[in-house]
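Each remark here refers to the structure printed beneath this line.
2 protein chains.
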Amino acid sequence: MVSDPITSPANTRIKALVRLRDRRERDATRTFAVEGYRELLRFLDAGLSMRTLFVCPELFVGSNESALVDRCRQSGAEIVEVSDIPFRKASYRDRPEGLLAVAAQFDTSLDAIPLTENPLVLVAESIEKPGNLGTMLRTAEAAGLAGMIVADPTTDPFNPNVVRASLGTVFAVPLSITDTATAIDHLRSAGVVIMATTPEAVLPYYEADLRGPTALVVGSEQYGLSPAWLDEADANIVIPMPGSVDSLNAAMAAGVAVFEAVRQRSRPSEPTSIHFA
Amino acid sequence: MVSDPITSPANTRIKALVRLRDRRERDATRTFAVEGYRELLRFLDAGLSMRTLFVCPELFVGSNESALVDRCRQSGAEIVEVSDIPFRKASYRDRPEGLLAVAAQFDTSLDAIPLTENPLVLVAESIEKPGNLGTMLRTAEAAGLAGMIVADPTTDPFNPNVVRASLGTVFAVPLSITDTATAIDHLRSAGVVIMATTPEAVLPYYEADLRGPTALVVGSEQYGLSPAWLDEADANIVIPMPGSVDSLNAAMAAGVAVFEAVRQRSRPSEPTSIHFA
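So the protein lines, in turn, are chains L and U.
For this note's numbering, count along the first sequence from 1 and bump the result up by 57.
For this note's numbering, count along the second sequence from 1 and bump the result up by 57.
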């Protein structure tokens with residue numbers, strides 16, 4: 058399908074793209090935007106399909122864009138050419154790469170995360186900074202987690218800055234968006250042990266047994282975890298810090314805990330350190 | 058000392074502040090800028106002193122600024138009042154807080170890092186992104202490292218975006234800026250074991266013994282570590298990743314390795330896992 062090129066920044070479709078920066082608009086339309094070559098590649102690799110791909114060939118930075126555009130077209134996307142000025146208006150970036158898609162929000166129910174084979178899950182409650190949520194998704198992808206649960210989001214994973222900071226791993230990691238009570242019920246009923254990270258805990262994270270079905274839960278940058286998680290968790294764990302507690306970034310704390318679990322699980326037949334204590 | 062308030066963005070001192078965004082200017086003048094309440098507090102707490110503090114009271118966001126200004130004045134700083142428009146021109150931030158200091162670059166020789174008491178050191182080679190360098194400094198501070206060596210910097214730690222991303226921990230962590238050959242010689246002669254992290258290694262980082270004097274070395278976002286580090290290191294170590302290697306952010310990789318060393322060193326009398334293998 059070929060539409061007429063868009064040349065005016067006042068075009069209604071450009072205005073609709075700008076509105077997608079707003080969470081209410083994303084929630085109301087159940088759509089979101091995916092911008093950039095790397096992000097779109099991960100989107101397609103995840104088997105997802107977009108409605109529309111807006112392209113501005115004069116902004117292409119490499120030589121692989123046309124193959125990507127062909128792939129999008131073959132998957133059923135409408136391809137709409139946009140000239141430089143309106144594209145820059147729609148873009149979420151300082152240096153747009155000429156590729157911006159609109160897609161339906163995919164399934165983020167708890168069923169999206171398989172909890173069957175000894176799952177390791179990261180739960181992030183009310184994270185504020187898109188960069189932190191994106192970094193956590195990258196970490197979840199690198200660590201091969203069963204999935205990531207975003208509980209009571211302050212910033213939603215469909216935020217364009219999350220998509221970007223995640224480098225598109227938001228499409229590769231099984232992802233659920235839900236509220237804390239529902240997440241706790243779901244994890245419990247699947248027999249997943251809930252480990253809540255908090256500076257107030259006394260049990261070091263590396264002395265907790267993270268080898269079984271485990272959910273590692275991290276709280277918001279400013280407030281940490283809510284009482285619901287801290288009270289309902291099977292254990293509260295702490296990352297002991299010789300220096301200042303407030304120096305460790307929320308995403309870094311999540312990564313340190315996640316990779317300790319990966320470490321423990323890489324040698325499942327060995328006792329964890331807790332048995333030495 | 059009280060100067061006349063600066064009201065014009067064309068003022069030579071405002072222009073000089075703007076030029077400090079440029080590394081050549083910082084290197085030539087051996088000065089740098091420190092902006093923001095939290096950053097200045099850590100600067101003062103580190104016992105450092107500034108030459109000049111530029112203040113714009115109408116931009117103050119809290120009520121503690123005047124106490125901070127008094128502290129700066131008592132430490133010998135010249136206090137210069139600046140009105141809104143020129144301050145915004147000099148500021149490195151979208152939302153300036155009305156506090157911007159100029160200070161001499163402090164000692165970043167290798168002697169700045171004490172290598173006596175079983176040191177744990179992070180070495181970062183040619184990191185490009187200020188955010189990553191800042192996050193590594195925060196992690197070094199949280200982990201209570203003996204110090205951080207910035208080898209062959211692409212982005213220098215006096216970059217205002219590093220100061221900011223570090224939340225001022227750049228002043229709290231013993232810091233050295235040097236070249237790779239000098240760093241390797243220095244670490245070797247102090248008996249520090251050099252552990253180079255690379256996706257090409259076969260030894261998992263958690264099977265390496267990190268309990269003795271150790272330097273953990275991480276490379277640039279794009280190119281990883283140079284052959285000099287990989288060849289001269291006592292061991293090359295890898296963070297095994299069930300998912301994609303390129304998903305793990307450079308600062309996250311550094312943090313995961315650093316906190317594994319902290320974990321091992323928290324129980325020095327226990328054997329590390331390498332003895333079980």
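Glycine residues also receive a C-beta, built at the ideal position from the N, C-alpha and C atoms.
Once you ignore the five residues that flank U/Leu97 on each side, which residues in its own chain have a CB closer than 7 Å to its CB?
Val91, Leu125, Leu156, Ala158
Using only CA atoms, which one of U/Leu224, U/Lys72, U/Asn68 lies nearest to U/Gly188?
U/Leu224
Within-8 Å CB hit, U/Gly276 to chain L
no
Contact set between the segment 304-316 of chain L and chain U, restricted to residues whose Cβ is under 7 Å from the partner
Ser304, Leu305, Asn306, Met309, Gly312, Val313, Phe316
If you follow the beta strand (DSSP E) that U/Val295 is part of, which residue opens it and which one closes it?
292-295
Verify the CB distance criterion: does L/Thr109 have a CB-CB separation below 8 Å to chain U?
no
Name, in chain order, the residues that DSSP records as bridge partners for U/Gly281.
Per DSSP, the beta-bridge partners of U/Gly281 are U/Ser277.
Between the CA atoms of U/Ala67 and L/Arg95 - distance to the nearest angstrom:
Straight-line Cα distance between these residues: approximately 43 Å.
Please state whether DSSP places U/Pro328 in a helix, a strand or coil.
Its pLDDT being 45, under 50, U/Pro328 is placed unreliably by the model, and nothing is read from it.
Is L/Phe215 helix, strand or coil by DSSP?
When DSSP states are grouped into helix, strand and coil, L/Phe215 belongs to the coil group.
For U/Ala240, the first and last residue of its enclosing beta strand (DSSP E):
Taken as a continuous stretch (DSSP letters only), U/Ala240 belongs to no beta strand (DSSP E), being part of the alpha helix (DSSP H) at 237-246.
Could you confirm whether any beta carbon from chain L is found closer than 8 Å to the beta carbon of U/Met298?
yes
Short of 8 Å in beta carbon distance, which residues of its chain neighbour U/Pro261, apart from the five on each side in sequence? Order them along the chain.
Ile294, Val295, Ile296, Pro297
DSSP three-state call for U/Lys72: helix, strand or coil?
helix
Work out the CA separation of L/Gly133 and U/Asp154 for me, nearest whole Å.
Per the sequence shown, residue 154 of chain U should be read as Glu rather than Asp. Near 50 Å, if we compare the C-alpha coordinates of L/Gly133 and U/Glu154.
Would you say L/Ala199 reaches chain U, if we count a Cβ-Cβ gap shorter than 8 Å as a contact?
Closer than 8 Å: yes.
Let me see if you follow: with CB-CB separation under 8 Å, is U/Thr212 close to chain L or not?
By this cut-off, U/Thr212 is not an interface position.
Any C-beta of chain L sitting closer than 8 Å to the C-beta of U/Thr226?
Yes, U/Thr226 lies at the interface with chain L (some Cβ there is under 8 Å from its Cβ).
Put L/Ala334 into one of helix, strand or coil per three-state DSSP.
Reliability fails at L/Ala334, whose pLDDT of 32 lies under 50, so the model's placement of it is uncertain and the value that follows must be treated cautiously. Here L/Ala334 sits in coil by DSSP.
So what's L/Val315 in DSSP terms, helix, strand or just coil?
helix
Please report the Cβ distance between L/Arg108 and U/Ser304, rounded to the nearest whole angstrom; I am assuming they are in contact, meaning their Cβ atoms lie under 8 Å.
About 27 Å separates the two Cβ atoms, so there is no contact after all.
Straight-line CA distance for U/Gly335 to U/Val137?
Nothing can be reported for residue 335 of chain U: it is not among the residues displayed for chain U, which extend from 58 to 334.
Outcome for U/Tyr280 when other beta-carbon atoms lying within 10 angstroms are tallied against a minimum of 16:
exposed
Compute the Euclidean distance between the alpha carbons of U/Glu278 and U/Ile184, then round it to the nearest angstrom.
6 Å
Minimum Cβ-Cβ distance from U/Leu74 to chain L less than 8 Å:
no
Verify the CB distance criterion: does U/Val319 have a CB-CB separation below 8 Å to chain L?
yes
Closer than 7 Å by beta-carbon distance: list the chain U residues that pair up with L/Arg80, in chain order.
Under the 7 Å cutoff, chain U gives no residues; its nearest Cβ is about 21 Å from L/Arg80.
Just curious, the alpha helix (DSSP H) that U/Arg226 is in, first and last residue?
Going by the sequence as given, residue 226 of chain U is Thr instead of Arg. Looking at the DSSP string, U/Thr226 is not in any alpha helix (DSSP H), and its letter there is neither H nor E.
What is the rounded straight-line gap between the Cα of U/Leu282 and the Cα of U/Glu182?
Spanning the two alpha carbons is a distance of roughly 7 Å.
Residues within the segment 147-159 of chain L neighbouring chain U, beta-carbon criterion of under 7 Å
none
For U/Asn216, collect the residues of the same chain with a Cβ closer than 6 Å to its Cβ; drop the 5 residues on either side in sequence, then sort them by chain order.
Pro187
Considering only the alpha carbon of each residue, which of L/Asp242, L/Val249, L/Asp84, L/Ala240 lies closest to L/Leu172?
L/Val249
Would L/Thr192 count as contacting chain U if we go by Cβ distances under 8 Å?
yes
Please state whether DSSP places L/Ile206 in a helix, a strand or coil.
Looking at L/Ile206 - three-state DSSP - the assignment turns out to be strand.
Quick check on L/Thr255 - is its C-beta less than 8 Å from some C-beta in chain U?
no
Out of U/Ile251, U/Ala292, U/Thr69, U/Ser301, which one is the CA nearest neighbour of L/Gly201?
U/Ser301
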